[in-house]
Amino acid sequence: MVTDRPDERKTTYREAMREALREALRADDRVFLMGEDVGRYGGCFGVSLGLLEEFGPERIRDTPLSESAFVGAGIGAALNGMRPIVEIMTVNFSLLALDQILNNAATLLHMSGGQLPVPLVIRMTTGAGRQLAAQHSHSLEGWYAHIPGIRVLAPATIEDARHMLAPALNDPDPVLIFEHGSLYNATGELAPRTTPVDLDHAAIRRPGTAVSLITYGGSLPKALTAADALAADGIDAEVVDLRTLRPLDDAAIAASVARTHRAVVIDEAWRSGSLAAEVSARIAEDSLYELDAPVERVCSAEVPIPYARLLEQAALPQTADIVAAAHRAVD
Amino acid sequence: MTPVRGTRKRKATIGATEAARAEHRGELLHAMLRIRRFEERCVELYSAAKIRGFVHLYIGEEAVAVGVNEALTAEDAVVSTYREHGHALARGLPAEAVMAEMYGKATGCSGGRGGSMHLFDTGRRFYGGNAIVAGGLPLAAGLALADRMRGHFRVTCCFFGDGAYAEGEFHETANLAALWGLPLLFVCENNLYAMGTALQRHEAQTDLALRAASYGMAAWAVDGMDVEAVERAARRATESIRGGGGPRFLEIRTYRFRAHSMYDPDRYRDKAEIEQWKTRDPIARLTDRMREDAEPVEAKLAEIERRITEEIDAAVDAAERAPEEPVGNLLRYVTSAPSEVR
Ligand SMILES: Cc1ncc(C[n+]2csc(CCOP(=O)(O)OP(=O)(O)O)c2C)c(N)n1
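Just so you know, the sequences run in chain order A and B.
So the first sequence is numbered by the working numbering: it starts at 83 and just counts up by one.
So the second sequence is numbered by the working numbering: it starts at 299 and just counts up by one.
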């Protein structure tokens, strides 16, 4: 689609992800995509639609409902020279493969004294907001961020959806990519890139001086909307997109807090033992004397995510909650 | 014993074959005794607190690793369990590297980070050393899948126990391997116990080959106390896998003479049962057969024992003198980068 800048084109997060997959499959014949319904169905979120026709069933490989076996097979194939991209429908089902991810993918390099790097990419959706009830709505990426030996990515923008996959595949270690289900239809401009996305550093999505809104993934659009609302109230909020949940970019967090002296951490996971808890602890460790107010956290209610729309929305962090938390920090 | 009589008959006419067979039996004997003596030394070293952690001995099951390994080439891959000293040694890992790993030394085959349960040697395509029961099975499917996708005609062999058979991972992997026609050899070491739980108390169908066959792969049971029988079955299986026949399953009926681990008081087994199985010791059975065939066992045995003692003495000596991995290297190998950010 033509836009006012000819080098930009309108696309969706879903198409950006698919474009990244297509590019990876074309660039390296060791790359293949494997998972439930990635082939004939076109991906249960439509991400891999059309790839089967282009690359064939060997490389766009439908699997049985066997999360443990096909994630483990991805690990074995990675050990044996391939560059698999394994798709798990949602993080909820990844728990059936948690043993393979934690006890094998994250651990083999170390247990083998450096002999067995696992160059594997695992993609899955996460998050709530589509009234899918508890077993399809949880945000467990923070659990994975707990594990040494893996990298955890949360692309929140179309650009990251398009450009994070290539460096993830170049990483010699396992990389988990969490795609928030509510982002797939996000539409925006995508400029061509010549340099790879930086997986080591957080991104400042909006600079500001009054308060740091620190977030990632599906909560980024909410934080940006909140920042607009705060601007209308005369509060200049900075929005930090963590984008890599492990390893965390401590320096970026500390630098932002040093600029604003106030922090609100937004995380769709439950507050107890969450990534928000980790970020808050690091602010306490690194930036306590920079703070002019206690750290605020906006997380999901401590309840399995309900089906009913009103209940679901009440359980999730909302823009209004972020705005209110920022006001508490600033006022 | 009919097979013996049959071979005797041939003796007069094809002496070269007889000699080759005698030599091969000597190798099998050496390989089995090497594992047994290595582990017996481990017991001593464990009592002396030189080796720590969980140590699971393979004594009694040596014919499985040795017989199966005969059918594998250096190109093939092996995926193993926590009871893997036998698999590792049969695969050709130097006793020195394995012993140093038991000591947790820097020169160990996993740099001291794995210990008894996590032996690895990528150069020998030995992919460990997995202490999660059945956790290695999906991994083996992936190794085999990569071979198939890249056009390598080699086999991945995965060892696991009868206990692992009950895990979903076995069934998921068996389905996947058969569905995709993967070059995977399942070697189920049925030693009749999963720790303290007897087979008939953990499996509804105790004929494991029968149930494996239901996935659409050829599967058969083998006498695991007879190294030559194991070798024959493994050759038959790997030949059909190499011919593109897809996965094969061997249920190898064996027995461990020792407790599950060094911590296990072994209260769940009848002493008479253990003694009964000891009469089928695979090492004694092979030497008996060699004697029956008038092969020069005693001289061979003495020579084998001498070489093994020498090798293990040297391994222990080297492990004793090997350096510890410096604590400064604690964060090495968490990721491929030198050290991870916090
Ligand atoms: C997933 C898992 N569950 C339980 C254990 C504890 N465990 C270690 S060995 C073992 C028995 C396994 O028996 P089997 O597979 O028959 O192997 P064997 O020890 O007989 O060689 C158990 C229950 C484990 N290590 N992993």
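Glycine included, C-beta positions come from ideal geometry on N, C-alpha and C.
When you compare the CB of Asp315/A with every CB in chain B, is at least one pair closer than 8 Å?
Cβ-Cβ to chain B under 8 Å: no for Asp315/A.
Check for me: the alpha helix (DSSP H) holding Arg530/B runs from which residue to which?
First-last of the alpha helix (DSSP H) with Arg530/B: Val525 to Ser538.
Neighbouring residues, chain B, relative to Pro199/A (Cβ below 8 Å):
Within chain B, the residues whose beta carbon sits less than 8 Å from that of Pro199/A are Ser634, listed in sequence order.
Nearest to Glu399/B (by Cα), restricted to the options Met415/B, Lys569/B, Thr454/B and Gly544/B
Ranking Met415/B, Lys569/B, Thr454/B and Gly544/B by Cα distance to Glu399/B puts Met415/B first.
Residue range of the beta strand (DSSP E) that includes Asp111/A
Per DSSP, Asp111/A belongs to no beta strand (DSSP E) and is neither H nor E.
Close beta carbons around Arg452/B, own chain, < 6 Å, minus the five adjacent residues each side
So the list reads Glu373, Asp374 and Asp445, once near-sequence residues are dropped.
Note down, in chain order, every chain A residue with its Cβ under 8 Å from the Cβ of Ala439/B.
Going along chain A in sequence order, the residues near Ala439/B (Cβ under 8 Å) are Ala151, Gly154, Ala155 and Gly158.
Would you list, in sequence order, the uninterrupted beta strand (DSSP E) runs of no fewer than 3 residues that lie entirely inside the region 198–278 of chain A?
Runs found: 203–208, 233–235, 257–262 and 269–272.
Kindly indicate the opening and closing residues of the alpha helix (DSSP H) around Asp282/A.
Run containing Asp282/A: none; DSSP gives neither H nor E here.
For my contact list, Leu355/B and Leu391/B are in at a C-beta cut-off of 8 Å; report their separation, rounded to the angstrom.
Contact between Leu355/B and Leu391/B does not hold, since their C-beta atoms are separated by about 17 Å, which reaches or exceeds 8 Å.
Under the rule that 16 or more other beta-carbon atoms within 10 Å means buried, what is Gly365/B, buried or exposed?
By the beta-carbon neighbour count (other beta carbons within 10 angstroms, threshold 16), Gly365/B is buried.
Between Val302/B and the rest of its own chain, which residues show a CB-CB distance below 6 Å, the 5 nearest in sequence each way excluded?
Summary for Val302/B: the model assigns pLDDT 34, below 50, so the residue's position carries little reliability, and this model does not support an answer.
Is the beta carbon of Arg381/B within less than 7 Å of some heavy atom of ligand 1?
Yes.
By the three-class DSSP mapping on this structure, what secondary structure does Ile349/B have?
Ile349/B: coil per DSSP, three-state reduction.
Between which two residues does the beta strand (DSSP E) containing Leu548/B stretch?
For Leu548/B, the uninterrupted beta strand (DSSP E) run begins and ends at Arg546 to Arg551, by DSSP.
Classify Glu384/A: buried if its beta carbon has 16 or more other beta carbons within 10 angstroms, exposed otherwise.
With fewer than 16 other Cβ atoms within 10 Å, it is exposed.
If you draw a straight line from the alpha carbon of Ser538/B to that of Val362/B, how long is it in whole angstroms?
Here the alpha carbons of Val362/B and Ser538/B stand approximately 19 Å from one another.
Express the C-alpha separation of Ala248/A and Asn174/A in angstroms, rounding to a whole number.
Roughly 25 Å between the two C-alpha positions.
What residue range is occupied by the uninterrupted alpha helix (DSSP H) comprising Ile677/B?
Within the shown structure, residues of chain B are numbered from 299 to 640, placing residue 677/B beyond reach of any answer.
Neighbour-count burial assignment, Asp611/B, 16 or more Cβ in a 10 Å radius
Counting the other Cβ atoms within 10 Å of the Cβ of Asp611/B gives fewer than 16, which makes it exposed.
What does the alpha-carbon distance come out to for the pair Asp349/A and Val380/A?
C-alpha separation (whole angstroms): 6 Å.
So Leu343/B packs on Leu584/B, CB below 8 Å; how close in whole Å?
The beta-carbon separation of Leu343/B and Leu584/B, rounded to 27 Å, does not stay under the 8 Å limit for a contact.
Where does Ser382/A sit, in a helix, a strand or coil, going by DSSP?
When secondary structure is reduced to three states using DSSP, Ser382/A falls in the strand class.
The alpha helix (DSSP H) spanning Thr401/A covers which residue range?
First-last of the alpha helix (DSSP H) with Thr401/A: Thr401 to Val412.
Any beta-carbon of chain B closer than 8 Å to the one on His228/A?
No - not a single Cβ of chain B is within 8 Å of the one on His228/A.
Closest residue to Arg368/B among Gly313/B, Ile357/B and Leu387/B (Cα-Cα distance):
Correcting the residue type first, residue 368/B is Glu in the shown sequence and not Arg. When only C-alpha atoms are compared, the closest one is Leu387/B.
On the CB-based measure, 16 or more other CB atoms within 10 Å of its CB, does Tyr631/B come out buried or exposed?
It counts as buried.
Does any CB atom of chain B fall closer than 8 Å to the CB of Thr85/A?
Low confidence applies here, because Thr85/A scores a pLDDT of 44, under 50, leaving its location unreliable and the question unanswered by this model.
Interface residues of the region 177–197 of chain A facing chain B [CB-CB below 7 Å]
Residues Asp181, Gln182, Asn185, Asn186, Leu191, His192, Met193, Ser194, Gly195, Gly196 and Gln197.
Which residues does DSSP pair with Lys92/A in a beta bridge?
Bridge partners of Lys92/A: Glu271/A.
Beta-carbon proximity of Ala404/B to Gly412/B, cut-off 8 Å:
No.
Alpha carbon to alpha carbon, how far is Ala432/B from Glu465/B? Give it in angstroms, no decimals.
Answer to the nearest angstrom: the Cα atoms are 7 Å apart.
So Gly355/A contacts chain B; which residues on that side make the cut at Cβ distance below 9 Å?
Listed by position along chain B, the residues whose Cβ is nearer than 9 Å to that of Gly355/A form an empty set, because the closest Cβ is around 18 Å away.
Pick helix, strand or coil for Ser338/A, following the three-state DSSP scheme.
Here Ser338/A sits in helix by DSSP.
Would you say Ser538/B lies against chain A (beta-carbon separation less than 8 Å)?
Not an interface residue.
Classify Lys92/A: buried if its beta carbon has 16 or more other beta carbons within 10 angstroms, exposed otherwise.
By the neighbour-count definition (other C-beta atoms within 10 Å, threshold 16), Lys92/A is an exposed residue.
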